Amino acid sequence: YINSASEVCQTLLLKHQETSMATLDDLKTALRENLERNGKLRKLKAQMRADVFAALNTSTEADQKAMPQLSNDNLIINELIREYLIYNQYRGTVSVFLPESGQPAVRPFDRTFLASHLNLPEGPNSVQLPLLYSLVAVAENGRTQPPQAK
26 YINSASEVCQ TLLLKHQETS MATLDDLKTA LRENLERNGK LRKLKAQMRA
76 DVFAALNTST EADQKAMPQL SNDNLIINEL IREYLIYNQY RGTVSVFLPE
126 SGQPAVRPFD RTFLASHLNL PEGPNSVQLP LLYSLVAVAE NGRTQPPQAK
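Written as structure tokens, this is what we have:
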């Protein structure tokens, strides 16, 4: 009788654990799906990558001085990328991009200078969009009109 009671208890315990695990797995799945659906999981992963990069990027002033100077073309391209990333709220990407590229934290050029330097037309609606959108519009259409914000 004791053996059979012990076996019943073990069987019940195993079934309870399986049920609990299934419930926990279901909860994990539902949580992941919810976070993926509302875009939070992607943002959490990006923030985690940025935090890991920041923790690993313990460069000293000597390291910063040893970085080669960026050419004007690279400064301009990096500014276009920075504006695009900020506009699309890729904050984690920006926090990794700036130190990795050697781009100054303070913007070296303002938008007006960049648009003028690149001969990009500016209109009342286009100033709401990153200049990369204007570059794409000009390249695709040969347009001289700025793109319209949506």
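Letter by letter, the sequence shown follows residues 26 to 175 in the working numbering. By construction, the Cβ of each residue, glycine as well, lies at the ideal position given by its N, Cα and C atoms. Computed from a prediction, not measured in an experiment: that's the story for all the values here.
In the DSSP assignment, Gln72 falls within the alpha helix (DSSP H) that extends over 65–81. Judged by DSSP secondary structure, Asn97 falls within the alpha helix (DSSP H) whose first and last residues are 97–112. Ranking Tyr158, Asn144, Val119 by CA distance to the CA of Gln72 puts Val119 first. Considered as a whole, the stretch 133–167 harbours no complete run of any beta strand (DSSP E) with no fewer than 3 residues. By the Cβ neighbour-count rule, Arg57 is exposed, with fewer than 16 other Cβ atoms within 10 Å of its own. By the Cβ rule, the stretch 99–108 does not count as touching the stretch 62–82, because fewer than three pairs are nearer than 8 Å. In the DSSP annotation of this structure, the continuous segment of the alpha helix (DSSP H) that includes Pro124 starts and ends at 116–126. Leu52 and Gly127 have their C-alpha atoms some 43 Å from each other.
Take Phe78, set aside five residues on each side of it, and the residues of its chain with a beta-carbon closer than 6 Å to its own are Val121, in chain order.
With fewer than 16 neighbouring CB atoms inside 10 Å of its own CB, Asn166 falls in the exposed class. A distance below 8 Å separates the beta carbons of Leu156 and Leu139. In the three-state reduction of the DSSP assignment, Ala130 falls in the coil class, being assigned neither a helical nor a strand state.
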